[in-house]
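Protein sequences, first through last, are from chains A and B. Sequence positions in the first sequence follow the working numbering and run 24 to 75. Sequence positions in the second sequence follow the working numbering and run 9 to 164. The block underneath contains the structure these notes are about, expressed in structure tokens.
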Amino acid sequence: MPNMARVTQSLANLTAEVKRLDKAIDGGKADSIVVHTDRLAVLTKAMAKLLK
Amino acid sequence: MPTDKGKLKATIKLFKAAKAQAGKAKGKLGKTIDKLAMLGASTAQKQNKANQNRSGFLSYVEIGFKNYEDGLDSLTQQIQAGNLKAAAKTMKSLEKTASKLQINARKMKRYSDEFDRLEAELDKISTATHKAMAVNAEAADPKGKHAASLRENDYA
């Protein structure tokens, strides 16, 4: 059974990173978009591991 | 990252026109001017292609991002409902979406960098073309107004 506090925290992290990526896409800066897609991929893997 | 589409179109138009006139430039530097014009035209075309590819991959990033957002909404609802089994399934899908996003973002950046590199190259070619034209015009008519005007504009 996953720890619900950690799941909630991980979900908050994911949501915050999605907002940053949204801003980066709006800004159209290639470097920022790459940085935030990389971070999102790392956070997504962490969340998937947590829910396994 | 290219933002000025008007400038890009004008550059392509300029070098296409120059390419169409290749072989017509006269004077000692005529051949050099023709070669520079042709190089400029092909570089502008490459830059245009890089811009098209960059835009294409940016669209893929935007589509992938929208899919991720939708998945995250579902995930949030599943977690709030305590349905962690469904959430785990959603996460598998989100992992794939995030991975595709990463790949497309990298490809987009590669073409964006290529665009910037070609932009710098075009600036150099354009400067060299104008200088060669000024020298050529001056050699043909040292006291001519056209040569003087080119010198003033380009060497200022």
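Glycine residues also receive a C-beta, built at the ideal position from the N, C-alpha and C atoms. Quick caveat, the model's predicted, so the values are computed rather than measured.
Candidates the options: which alpha carbon is nearest residue i's?
| i | options | result |
| --- | --- | --- |
| Gly72 (chain B) | B:Leu130, B:Leu102, B:Lys36 | B:Leu102 |
| Ala128 (chain B) | B:Gln86, B:Gly79, B:Thr51, B:Asp42 | B:Thr51 |
| Asp81 (chain B) | B:Ala113, B:Asp121, B:Met99 | B:Met99 |
| Phe65 (chain B) | B:Gln110, B:Lys151, B:Ala89, B:Asn75 | B:Gln110 |
| Met116 (chain B) | A:Ala69, A:Asn36, A:Ala53, A:Lys72 | A:Ala53 |
| Ser107 (chain B) | B:Asn75, B:Ala89, B:Tyr119 | B:Asn75 |
| Gly48 (chain B) | B:Asp149, B:Leu130, B:Val143, B:Asp78 | B:Leu130 |
Strictly below 8 Å CB to CB, what residues from chain A border residue i?
| i | result |
| --- | --- |
| Tyr76 (chain B) | Val41, Leu63 |
| Val143 (chain B) | Under the 8 Å cutoff, chain A gives no residues; its nearest Cβ is about 38 Å from Val143 (chain B). |
| Glu169 (chain B) | No statement about residue 169 (chain B) is possible, as the shown extent of chain B runs from 9 to 164 and does not include it. |
| Ile87 (chain B) | Val30, Thr31, Leu34 |
Can you find the residues in the same chain that come closer than 7 Å, C-beta to C-beta, to residue i, ignoring five residues on each side of it along the sequence?
| i | result |
| --- | --- |
| Ile48 (chain A) | Ile56 |
| Leu44 (chain B) | Ile133, Ala136, Thr137, Ala140 |
| Glu40 (chain A) | His59, Arg62, Leu63, Leu66 |
| Leu126 (chain B) | Thr51, Lys54, Gln55, Ala58 |
| Ala35 (chain A) | none |
| Ala147 (chain B) | Gly35, Lys36 |
| Asp78 (chain B) | none |
What residues of chain B sit near residue i, judged by a beta carbon separation below 8 Å?
| i | result |
| --- | --- |
| Lys46 (chain A) | Within 8 Å Cβ-Cβ: nothing; Lys46 (chain A) doesn't reach chain B, min ~11 Å. |
| Ala28 (chain A) | By Cβ distance, chain B contributes nothing, its closest Cβ being about 12 Å from Ala28 (chain A), past 8 Å. |
Using a cut-off of 7 Å between C-beta atoms, extract the partners of residue i located in chain B.
| i | result |
| --- | --- |
| Ala53 (chain A) | Met9, Met116, Lys117, Ser120 |
Go through its chain and collect everything with a Cβ distance to residue i's Cβ below 8 Å, but skip five positions before and after it.
| i | result |
| --- | --- |
| Leu74 (chain A) | Pro25, Val30 |
| Val69 (chain B) | Leu109, Asn112, Ala113, Met116 |
| Leu37 (chain A) | Leu63, Leu66, Thr67, Met70 |
Using a C-beta cutoff of 8 Å, does residue i count as contacting chain E?
| i | result |
| --- | --- |
| Asn36 (chain A) | Looking for chain E here will not work: the only protein chains present are A and B. |
Which residues in the same chain have their Cβ closer than 6 Å to the Cβ of residue i, if we skip the five residues on either side of it in sequence?
| i | result |
| --- | --- |
| Ala94 (chain B) | Gln86 |
Show which residues of chain A have a CB atom less than 7 Å away from the CB atom of residue i.
| i | result |
| --- | --- |
| Lys100 (chain B) | Ala71 |
Counting only Cβ pairs nearer than 9 Å, list the residues of chain A close to residue i.
| i | result |
| --- | --- |
| Glu70 (chain B) | Ile48 |
| Gln110 (chain B) | Val57, Thr60, Asp61, Leu63, Ala64 |
Exercise for the section: Tell me, please, whether the stretch 35-49 of chain B touches the stretch 85-98 of chain B by the rule of three or more beta-carbon pairs shorter than 8 Å. Expected result: no
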